[in-house]
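Since the structure comes first, as structure tokens, the remarks are kept for the end.
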Amino acid sequence: AARAAHAHEFILRMPQGYDSLVGERGQGLSGGERQRISIARALLINPRILILDEATSAVDTETEKEIQNALDNLVRGRTTIAIAHRLSTLRKADRLVVMDKGLIVEEGTHDVLIESQGAYWRLYEAQQRQAESEGAVLRESTAS
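Using my numbering, the letters of the sequence shown map in sequence onto residues 113 to 256.
So this is what it looks like as structure tokens:
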């Protein structure tokens with residue numbers, strides 16, 4: 113489960129590996145490490161229905177990619193409801209439901225919603241622009 117959740121490597125780097133103690137609620141782990149431990153636990157439980165609430169909200173883009181790879185293993189073969197503001201985590205979903213002020217304003221696949229250029233498209237484009245500008249800032253700071 114730890115390997116599938118992309119947690120095995122960082123667990124091995126801990127002082128006592130799998131026998132290491134961490135604080136309550138994952139104290140001593142980064143946000144991404146806590147998320148991957150949660151994914152590993154969910155894999156062990158093997159639920160038929162899985163609810164993910166902002167699974168990648170508190171992590172950087174690189175950690176998000178690792179968590180997304182782990183989530184791909186977790187959601188396979190089960191009903192999954194994912195709640196997210198970071199739309200890149202939802203791209204592979206079979207069906208997206210876009211809500212605004214408690215009302216459903218759009219639904220469909222990522223491609224259909226992008227094509228319709230509605231609320232989802234506007235949010236997605238804004239997030240893409242933000243990611244690109246953050247990448248440019250990062251490239252500039254590492255070039256100095």
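Ideal Cβ placement from N, Cα and C applies to all residues, glycine included.
Do the stretch 187 to 196 and the stretch 163 to 175 touch if we need at least three Cβ pairs shorter than 8 Å? yes
Take A113 and list the residues in its own chain whose beta-carbon comes closer than 7 Å to its own, dropping the five residues that flank it on each side. A152, L155, L156
Given this structure, state the Cα-to-Cα distance separating D131 from R203, to the nearest angstrom. 36 Å
As an exercise, report each continuous alpha helix (DSSP H) stretch of at least 4 residues that is fully enclosed by the stretch 158 to 206, in chain order. 173 to 187
For L124, count neighbouring Cβ atoms within 10 angstroms of its own Cβ and tell me buried if that reaches 16, exposed if not. exposed
Quick one: what does DSSP say V224 is sitting in, helix, strand or coil? helix
Looking at Y232: is its Cβ nearer than 8 Å to the Cβ of V210? yes
According to DSSP, is L124 helix, strand or coil? helix
Quick check on the burial criterion: 16 or more other C-beta atoms within 10 angstroms. Buried or exposed for A117? buried
DSSP-derived helix/strand/coil call for L215: strand
Residues that L208 bridges to, as DSSP identifies them: G220
Helix, strand or coil for R115? Go by DSSP, reduced to three states. coil
With H, G and I counted as helix, E and B as strand and the rest as coil, what does DSSP make of G144? helix
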